[in-house]
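So the structure is just underneath, and the comments pick up after that.
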Amino acid sequence: MEQLTADHVHVHHIDPVEEYEQSKFGMWLFLGTEILLFGGLFATYAIFRAKYPEMFHLDHLKLDWELGALNTIILIGSSMTMAIGVTASKKGNNKLLIIMLAITIICGLVFGFNKYLEYTAKFAHHIYPDTSIFFSLYFMMTGLHMLHVFIGLIVLLIIMILAIKGRYSASYNTHVEVGGLYWHLIDLIWIYLFPLLYLIG
Amino acid sequence: MNWVPEAASSFAGKVDGVLWFVTVLSIVFFILITVLLIYFSFKYKRKTENDYTPHITGNQTLEIIWTVIPSILLFVIFAYGLIVYKEMRTPPGDAVEVNVTAKQWIWIFKYQNGKSTINELFVQHNRPVKMVMRADDVLHSFFVPAFRVKQDLVPGMYTQLWFNPTKIGTYDLFCAEYCGTGHSQMLAKVYVMSPEAFSRWEKGDEEETTTFASTKSPEELGKDMYSKNGCAACHSIDGSAGVGPTFKALYGKNESLQDGTTIEVDENYLRESILIPQAKVVQGFAPSMPSFKGILTDEEVDALIVYIKSLK
Amino acid sequence: MSENHDEHITPYKTYIIIWLILMALTVITVYVAREIDLGSINLFVAMIIASIKATIVALFFMHLKYEDSITWVFALYPLFLLSLLIGLTSIDVFNRIVP
Amino acid sequence: MATGTAATISEPSFLEYKSGFRSWFYTTDHKRIGILYLVSISIFFIIAGSIAIVMRAELFTPESNIVSPHTYNVLFTLHGSLMVFFFIVPGISASLGNFLIPLMIGARDVAFPKLNLGSYWLYLIGAAILLFALLEPADTGWTFYTPYSAKTNTNVILLTLGIFVLGFSSILTGLNFIVTIHKMRAPGMTWHRLPLFIWALYSTAILQLLATPVVGITLLLLIAERTLGIGFFDPDKGGDPVLFQNFFWFYSHPAVYIMIIPAMGVISEILPVFSRKPIFGYKAIAYSSVAIAIISFFVWAHHLFVAGISETAAIIFSFLTFLVAVPTAIKVFNWLATLYKGSIQFHSAMLYALSFLFLFTVGGLTGLHVGALAADIHLHDTYFVVAHMHYVMIGGTVMGFFGALHFWYPKWFGKMLDDTLGKIAWFFVFIGFNVTFFPQFFLGVQGMPRRYATYLPEFESLMKLSTIGSWILAIGMIIMAYNLIKSLYSGEKAPDNPYNSLSLEWQTSSPPILENFKEIPVVTDWSYGYGKKG
Numbered sequence: 036m037e038q039l040t041a042d043h044v045h046v047h048h049i050d051p052v053e054e055y056e057q058s059k060f061g062m063w064l065f066l067g068t069e070i071l072l073f074g075g076l077f078a079t080y081a082i083f084r085a086k087y088p089e090m091f092h093l094d095h096l097k098l099d100w101e102l103g104a105l106n107t108i109i110l111i112g113s114s115m116t117m118a119i120g121v122t123a124s125k126k127g128n129n130k131l132l133i134i135m136l137a138i139t140i141i142c143g144l145v146f147g148f149n150k151y152l153e154y155t156a157k158f159a160h161h162i163y164p165d166t167s168i169f170f171s172l173y174f175m176m177t178g179l180h181m182l183h184v185f186i187g188l189i190v191l192l193i194i195m196i197l198a199i200k201g202r203y204s205a206s207y208n209t210h211v212e213v214g215g216l217y218w219h220l221i222d223l224i225w226i227y228l229f230p231l232l233y234l235i236g
Numbered sequence: 008m009n010w011v012p013e014a015a016s017s018f019a020g021k022v023d024g025v026l027w028f029v030t031v032l033s034i035v036f037f038i039l040i041t042v043l044l045i046y047f048s049f050k051y052k053r054k055t056e057n058d059y060t061p062h063i064t065g066n067q068t069l070e071i072i073w074t075v076i077p078s079i080l081l082f083v084i085f086a087y088g089l090i091v092y093k094e095m096r097t098p099p100g101d102a103v104e105v106n107v108t109a110k111q112w113i114w115i116f117k118y119q120n121g122k123s124t125i126n127e128l129f130v131q132h133n134r135p136v137k138m139v140m141r142a143d144d145v146l147h148s149f150f151v152p153a154f155r156v157k158q159d160l161v162p163g164m165y166t167q168l169w170f171n172p173t174k175i176g177t178y179d180l181f182c183a184e185y186c187g188t189g190h191s192q193m194l195a196k197v198y199v200m201s202p203e204a205f206s207r208w209e210k211g212d213e214e215e216t217t218t219f220a221s222t223k224s225p226e227e228l229g230k231d232m233y234s235k236n237g238c239a240a241c242h243s244i245d246g247s248a249g250v251g252p253t254f255k256a257l258y259g260k261n262e263s264l265q266d267g268t269t270i271e272v273d274e275n276y277l278r279e280s281i282l283i284p285q286a287k288v289v290q291g292f293a294p295s296m297p298s299f300k301g302i303l304t305d306e307e308v309d310a311l312i313v314y315i316k317s318l319k
Numbered sequence: 002m003s004e005n006h007d008e009h010i011t012p013y014k015t016y017i018i019i020w021l022i023l024m025a026l027t028v029i030t031v032y033v034a035r036e037i038d039l040g041s042i043n044l045f046v047a048m049i050i051a052s053i054k055a056t057i058v059a060l061f062f063m064h065l066k067y068e069d070s071i072t073w074v075f076a077l078y079p080l081f082l083l084s085l086l087i088g089l090t091s092i093d094v095f096n097r098i099v100p
Numbered sequence: 163m164a165t166g167t168a169a170t171i172s173e174p175s176f177l178e179y180k181s182g183f184r185s186w187f188y189t190t191d192h193k194r195i196g197i198l199y200l201v202s203i204s205i206f207f208i209i210a211g212s213i214a215i216v217m218r219a220e221l222f223t224p225e226s227n228i229v230s231p232h233t234y235n236v237l238f239t240l241h242g243s244l245m246v247f248f249f250i251v252p253g254i255s256a257s258l259g260n261f262l263i264p265l266m267i268g269a270r271d272v273a274f275p276k277l278n279l280g281s282y283w284l285y286l287i288g289a290a291i292l293l294f295a296l297l298e299p300a301d302t303g304w305t306f307y308t309p310y311s312a313k314t315n316t317n318v319i320l321l322t323l324g325i326f327v328l329g330f331s332s333i334l335t336g337l338n339f340i341v342t343i344h345k346m347r348a349p350g351m352t353w354h355r356l357p358l359f360i361w362a363l364y365s366t367a368i369l370q371l372l373a374t375p376v377v378g379i380t381l382l383l384l385i386a387e388r389t390l391g392i393g394f395f396d397p398d399k400g401g402d403p404v405l406f407q408n409f410f411w412f413y414s415h416p417a418v419y420i421m422i423i424p425a426m427g428v429i430s431e432i433l434p435v436f437s438r439k440p441i442f443g444y445k446a447i448a449y450s451s452v453a454i455a456i457i458s459f460f461v462w463a464h465h466l467f468v469a470g471i472s473e474t475a476a477i478i479f480s481f482l483t484f485l486v487a488v489p490t491a492i493k494v495f496n497w498l499a500t501l502y503k504g505s506i507q508f509h510s511a512m513l514y515a516l517s518f519l520f521l522f523t524v525g526g527l528t529g530l531h532v533g534a535l536a537a538d539i540h541l542h543d544t545y546f547v548v549a550h551m552h553y554v555m556i557g558g559t560v561m562g563f564f565g566a567l568h569f570w571y572p573k574w575f576g577k578m579l580d581d582t583l584g585k586i587a588w589f590f591v592f593i594g595f596n597v598t599f600f601p602q603f604f605l606g607v608q609g610m611p612r613r614y615a616t617y618l619p620e621f622e623s624l625m626k627l628s629t630i631g632s633w634i635l636a637i638g639m640i641i642m643a644y645n646l647i648k649s650l651y652s653g654e655k656a657p658d659n660p661y662n663s664l665s666l667e668w669q670t671s672s673p674p675i676l677e678n679f680k681e682i683p684v685v686t687d688w689s690y691g692y693g694k695k696g
């Protein structure tokens, strides 16, 4: 163990394996919080869909399901590239990790661009968050999800910069794993949002 | 000292039964715990630094006992509360309906014979009544302690409650759900009347029940109208600020309106503001006053204006 | 520094397979909802398919399959709470009496 | 009992090793962060408490004469919001929890020290937003019920936004604690050797982690309702105002346990030390904390029995509510049994612990009144509820908090408190509290509704008594504050283990060194091994 030095704020004797385990567990806990954050919206959706089935049916037809499906494919694809990146990192293949992170980020950007197209199309048709309960839900759910995509992109960007700087190796890749978990959650939420909003409304 | 308010409805006694049952149980446990607490504290007070203490870490029998007994008692309380609750929530088929509308900060009662009253509820002795209730703006709650009834009024949704008044008299009705600045002034009276008095009231012979009679001077009648119709919730008579402009020295004053114009407060403006409140709203106040059209008679509006003029 | 202990490393091939399955399920859910239209059980079917997809993502992409039991508890408990929120709120909202 | 801990250590303590603003504001030391929280929550406690004194003064007479009704409504909104979100929820858990968890489990810090500092900064950001919110404070009550909160002209958005940010501070603190307790226990510190305070904070952390996001999204929807015009809670747009109450209490009922469980943990630590007896029924207390954490998620709608919810829901929730009372009852009996045949020392911390037992019993038992369906219809939204809630929150949580402060003060600051002064303060607090709140039970039964700026003359005498009580309570608090601050400067130097406790935190120096222990201790027994076996 290192000696305590009075001017060094924290001389943590952290074992990278322990840190990895703790961070991963911590991220899982955070994902639980995120699920319940979205959970409030899912519950709202469940209540109002049961209350106003016709409204949900008529309004969901105004959504562009093809664009939604495209975004689903993009996001699931980015989830796969992220997963490949994690494995690459664990195998110490830094180059593949950087490539995979780049693809993931590009997918995320395309996803965001599609959402932008979708929102502007809605606004052009005078559909706003206060148009109906369904569209309130649509904008709140996809908006909150988009916010998460945005945060996820920043996280991945930082990880990519660190990867380029050579911070990760087969024995240290905590950020990659934890950032990956967060990105997969974004995918998970979308897997539910897509059918709920675009397909069955 | 009265522990509970007067019991004036058919189920008030039963609610008190639940209350007393829980209270007595609570007191028994409270005494048990407190006596043991104090007894242990003094009996086992530290005498020396090295007092002998036994290493007791638990006792399964005891722990099972004090898990099972409270569980049973708690279930009994639940069941007792449930039985009385069921009765409180199930109005008898022959209950007379009264429509209640609550808005900031008055109560409006509409009866089946077409009458409507503000902040005064008239019911007949020993005749079950069912309140069908609705709020206009925000949440309110109909609470008559003497009847042990309470139910929130929710905008966009009807709620109901019923009671059978068993004692002739006058009772307080409170708004129990916070509803804004005038919340604590949102009070009303419930008059429980004998069948004779009630039918006289129903036929329109109001002298018997309410006090505004032609024998009163317009100023006195206006004062009555002021306190009966909930004006006081928003309009003070002592010059203090409220939700609406104060009535003190209101007459003859120049008020600036929301559209930027000014108006001198005269009889016509006062009359219009009582009947069509939203027409000319004074600057700095929200357009939240309800209309009293159809609620006050012409004579009563006149009287109210005389009263406002008298407040110099 | 110790080696990366006995952690499971998923081969690349697995991810490709999982991705293909997910794509297939996406096509199925779109097809079922838009072409077959099962009416009232539409929601049910769509949710089943979405849950299968979500489970696969969690198990393989997120490596939940290889996590210890406490991670499982904290992954599943929020779902239980969510069903509770929806379930118990529904008991209120859909049983109110209209006088 | 633990071995491998040095009794006296000559290194500088965590308080001394470095000084200056930066050494505090950027510290990642859990003990210093604990102090930062302690100072912050104390400031909010003083503000919210002073507001309460003004409110009680206004209620001295039935008419409104000190503040206008609108101002009164603003005051109770602020009192509630500040006390709940800025003081009690972070209260014991963020201040004492931060200080004690690593010390008690034999770790050098929490799992994520930087995140811990981040949580505190989030708390500060929430507080800063609150300051702006004070420019035009909301008048909705701390419950923010729609549609009023969506319609009022006062600034609801900033206040709810502040609380939203605080929510994340609370979530991240909970997350940190769960990981710390799971992954960082010293060798030999098995789950069944964990101090009960840790069990309590673990249960609390679960609630913080999983209940808070729901209130977060609910308040976010309220903000969206005011800004974007969405209408989930607006009847004019097809929404349902009661849905808001369902969502709000899905968090806020578990939040009641976020507030009380840590205090229960404190009591479980203080009682054994000052009775020299092992805690009675360790496992029952530990598991009942976890049981409360789980069951408390199922009971929220007992706040809504008269709100317009369905009868079926009311009946189910009343039943579930009585379930949660069982583990609570078990705990009270276990604490009582701990005193039996002990050697009880009336230290000021012990006095607070004993008054917790007494007052929490009153608070718990009156909870049965409002849990029983028929009785709740009469008592709901009256002063009875106000009294019940304050008996649990002050009689329970705040007594536990004061007890904890008096108990761990020597460890934290390295100085002994003036015990006599502590007892005098306790006396005023105890008497003042009861005089303030006991009359409110009677007021409630007689039908005095809560949140009334003015009231009917028939309630006047009891209301006056309650106001007088609030002055006595304030005197007690002032004496206590004086004692806490004075002892910092002139208190006797504290020995490492002044109460001969067996718990790990007492085995290191007072105040602890920067990384808590010279060497990570090896734990061989639980920390309640008092008394002679056999």
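Protein chains in written order, with this note's numbering: chain A, 36 to 236; chain B, 8 to 319; chain C, 2 to 100; chain D, 163 to 696. For glycine and all other residues, C-beta sits at the position ideal for the given N, C-alpha and C.
Query	Result
Does P12 (chain C) pass the burial test, meaning 16 or more other C-beta atoms within 10 Å, or should it be called exposed?	exposed
Put R141 (chain B) into one of helix, strand or coil per three-state DSSP.	strand
Tell me the rounded alpha-carbon separation between K126 (chain A) and N260 (chain D).	38 Å
What residues match up with P611 (chain D) in a beta bridge as DSSP calls it?	D:T544
Just the Cα atoms here: how many angstroms apart are T177 (chain A) and R84 (chain A)?	17 Å
Closer than 7 Å, Cβ to Cβ, to anything on chain A: give me those residues from the stretch 206-224 of chain D, in chain order.	none
Mind reading off the beta-carbon distance from F359 (chain D) to M266 (chain D)? Whole number of angstroms is fine, and I expect it under 8 Å.	7 Å
Report buried or exposed for S167 (chain A), applying the criterion of at least 16 other Cβ atoms within 10 angstroms of its Cβ.	buried
Who are the neighbours of F119 (chain D) on chain A, taking C-beta pairs under 9 Å?	This structure gives no information on residue 119 (chain D), because the portion of chain D shown stretches from 163 to 696.
Kindly indicate which residue of B:N261, B:Y165, B:C241 and B:M296 has the alpha-carbon position closest to the one of P403 (chain D).	B:Y165
Does W1 (chain B) come out as helix, strand or coil in the three-state DSSP assignment?	The question about residue 1 (chain B) has no answer here: the residues shown for chain B are numbered 8 through 319.
What are the residues of the stretch 90-104 of chain B that lie near chain D, defined by any Cβ-Cβ distance shorter than 7 Å?	V91, Y92, M95 and R96
Counting C-beta neighbours from all protein chains within 10 Å, is the total for L126 (chain B) 16 or more, i.e. buried, or is it exposed?	Note that residue 126 (chain B) is Asn in the sequence shown, not Leu. That one is buried.
Give, in chain order, every residue of the stretch 684-695 of chain D whose Cβ lies closer than 7 Å to some Cβ of chain B.	Y692, G693, K694 and K695
Here's a check: name, in chain order, each residue in its chain whose Cβ is nearer than 6 Å to the Cβ of F412 (chain D), leaving out the five neighbours to either side.	V376 and W462
Among the residues of its own chain, which have a CB less than 6 Å from the CB of I457 (chain D), if the five just before and after it don't count?	L485 and V486
Return helix, strand or coil for E179 (chain B), following the three-state DSSP convention.	A small correction: the amino acid at residue 179 (chain B) is Asp; Glu does not occupy that position in the sequence shown. In the structure shown, D179 (chain B) sits in a strand (DSSP, three-state: E or B).
Taking the C-alpha atoms as reference points, what is the distance between T544 (chain D) and N596 (chain D)?	18 Å
Please identify the residue among B:K230, B:I270, B:V130 and B:D305 whose C-alpha is closest to the C-alpha of F170 (chain B).	B:V130
Using alpha carbons as the reference points, say which of D:L334, D:V548, D:T629 and D:L646 lies closest to G584 (chain D).	D:L646
List, in order along the chain, the chain B residues whose C-beta lies closer than 8 Å to that of T528 (chain D)?	S33
Hey, quick one: how far does the alpha helix (DSSP H) through F428 (chain D) stretch, first residue to last?	In the sequence as displayed, the identity of residue 428 (chain D) is Val instead of Phe. Residues P403 to S437.
Just reading off the alpha helix (DSSP H) that A195 (chain B) is part of, what are its end residues?	Premise fails: A195 (chain B) lies in the beta strand (DSSP E), A195 to M200, not in any alpha helix (DSSP H).
Do H568 (chain D) and A511 (chain D) have their C-beta atoms closer together than 9 Å?	yes
Going by DSSP in three states, I302 (chain B) sits in which element: helix, strand or coil?	coil
List the endpoints of the continuous alpha helix (DSSP H) containing S191 (chain B).	Counting along the chain, S191 (chain B) falls outside any alpha helix (DSSP H), and DSSP gives it neither H nor E.
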